[in-house]
Each structure stands twice: as structure tokens, then as C-alpha cells.
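Participant: Okay, here's the structure, questions in a sec.
Set out below in C-alpha cells:
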């Protein structure tokens, strides 16, 4: 596994300032997919994750009922919990593309839901799998290419789905991986293509941005690939990737998107 240059992700649970959202204090719990993660990946994380956590925070929802729980449950004020399965990339695709699993985490968010007589709390557990790859830049190697799968549970409210991912556009979703770079600029939309994700033809939008390799002053042009959310089982899954533009890793990103597997399938 390649040496890091202080380029790994900060996973400290920073509080999120978003109207109607709060962070569950048990957010630190994360099931590992039996992956052996180097200790330096977990000990040298910087503060870039706050951008991603802001995007995954929820808001207040004005609905009168919840699928999967009874009116009696809601009336008693019980917390209703929805948990996503994990979306990962098949081992064969990882071998072909040289990406490695960095981390799998659970990110818990609570949402206040309006019901007759007051509000009730819905707890949503998202699953995030992160992969990265070492890239040669100016004679050094940095973990500057990243691929993320984000899975979040589908919450049915009065027959329609509620999910933060469904309400986010591709540019917002691009922020999920821009947290891996320092001083990243806003992404600019470019081309798009269609590829298969979990058996569904999904649109993938390509963006460009600029940023520094995390922990360095090395500025690079970035290319980002952001797929539309794909529904599978009771979840939504979104893959997002970023890499130095000069590296040209688009085909590998497509190959990994095609090889995504979901635990609830």
C-alpha cells in the first residue's frame, strides 16, 4: 500500500449547521467490511470531511405518516430508524483498476418529521465506502484519486420517497469527493455519459475543478464523475469519483461503477 503524504480523510464527527438537522452522538460506530486499513490512513486525517457531512445532513420533513411503522408508533413518539446496506466495488474490478478500499463508515443523521400533534424523529443511517489510488505527481506518489459509493435508505412517507440524495443535484453530490482536496473550487459541468450501475442505465455527469493535493501546496486540475442516484432494494446508491485531470482515469471509474454491488440486493 502506498505511503500517504497527509492526504487521507478526516473522519472526526464535526457538528453540521443545517436547519432541522442534528448529528447522532453514536455516529462514531462504523462496521468494517473485514478490510485491513493501514493505521496511518486513520491517524492523519484533516478537516476536509465537513463539506461532505454538511451535504449528508437532513432537514425537517412535513408529512403525516411513515411507511414501516404504525400510527400508534408515531403517536407514542418512538424514534423510527432506517439503515442503508453497503454498496461496494467487486474485488475483480479493484484488481483491474488498482484502487484499494480505504474505509467503510456509517453516518447517522436524524430528521424531524411533522406529524399530527407535533414532530417525531426519524433516524437515517447512511453507508459510505471510500476507495483511493496512488498517483504519480511531480516525482512523488499521492493518494490523489478517489472513488466513493454512498448508500442511503429510502424512507417512504405517505407513499412517496424521502431521501437527501434524491433532492441533491450532481454539482452538490460532487462535493462528496471534493473534501479529499484542499481549497477546492466549485465544480464546473462538462460532458455526460450513460453507464450501467446495479443493472440500471444511469447518467454520469463529468465536472472539472481545481484543488490542492491534501496536506500539500500542489495545485492540480481535477476531473469528477457524478452519477445520478440509483434505486436498489430499499436504498439509493450514488457513486462519485475524482482524480487529477492529467491522470485520465475515466475508463477505470466507469469500470468500477459497473462493478458496484449492494448488500441488500
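Numbering (our numbering), first residue to last: 1107 to 1371. Glycine included, each C-beta is placed from N, C-alpha and C at the ideal position.
Which value, in whole angstroms, describes the spacing of the CA atoms of residue 1352 and residue 1338?
Facilitator: Looking at the two C-alpha atoms, the distance is approximately 34 Å.
Participant: Quick one, are the C-beta atoms of residue 1298 and residue 1311 less than 8 Å apart?
Facilitator: Yes.
Participant: Between residue 1301 and the rest of its own chain, which residues show a CB-CB distance below 7 Å, the 5 nearest in sequence each way excluded?
Facilitator: Only 1308, 1310, 1360, 1363 and 1364 meet the Cβ criterion.
Participant: For the alpha helix (DSSP H) that contains residue 1295, what are its first and last residues?
Facilitator: Taken as a continuous stretch (DSSP letters only), residue 1295 belongs to no alpha helix (DSSP H), being part of the beta strand (DSSP E) at 1294-1303.
Participant: Just reading off the alpha helix (DSSP H) that residue 1201 is part of, what are its end residues?
Facilitator: Start and end: 1197-1203.
Participant: Going by C-alpha to C-alpha distance, which of 1284, 1274, 1246 and 1248 sits closest to residue 1254?
Facilitator: The shortest Cα separation from residue 1254 among 1284, 1274, 1246 and 1248 belongs to 1284.
Participant: For residue 1328, write down the residues that DSSP places opposite it in a beta bridge.
Facilitator: Beta-bridge pairing links residue 1328 to 1315 and 1350.
Participant: With DSSP as the reference, please indicate the residues paired to residue 1342 in a beta bridge.
Facilitator: BP columns for residue 1342 point to 1258 and 1337.
Participant: Beta carbon of residue 1313, beta carbon of residue 1251: below 8 Å?
Facilitator: No, they are not a contact pair.
Participant: Sort out for me which residues DSSP pairs residue 1357 with in a bridge.
Facilitator: Beta-bridge pairing links residue 1357 to no other residue.
Participant: Please return the same chain residues whose Cβ sits closer than 7 Å to the Cβ of residue 1279, not counting the five positions on each side in sequence.
Facilitator: Result list for residue 1279: 1332, 1344 and 1346, in chain order.
Participant: With a 10 Å radius around its C-beta and 16 neighbouring C-beta atoms as the bar for buried, classify residue 1323 as buried or exposed.
Facilitator: Per the 10 Å Cβ criterion, exposed.
Participant: Skipping 5 residues on each side, what residues in its chain have a beta carbon closer than 7 Å to that of residue 1325?
Facilitator: Same-chain partners within the cutoff: 1316 and 1318.
Participant: Thinking just about the alpha-carbon of each residue, which of 1336, 1277, 1244 and 1229 is nearest to the one in residue 1306?
Facilitator: Of the candidates 1336, 1277, 1244 and 1229, the one whose C-alpha sits nearest the C-alpha of residue 1306 is 1336.
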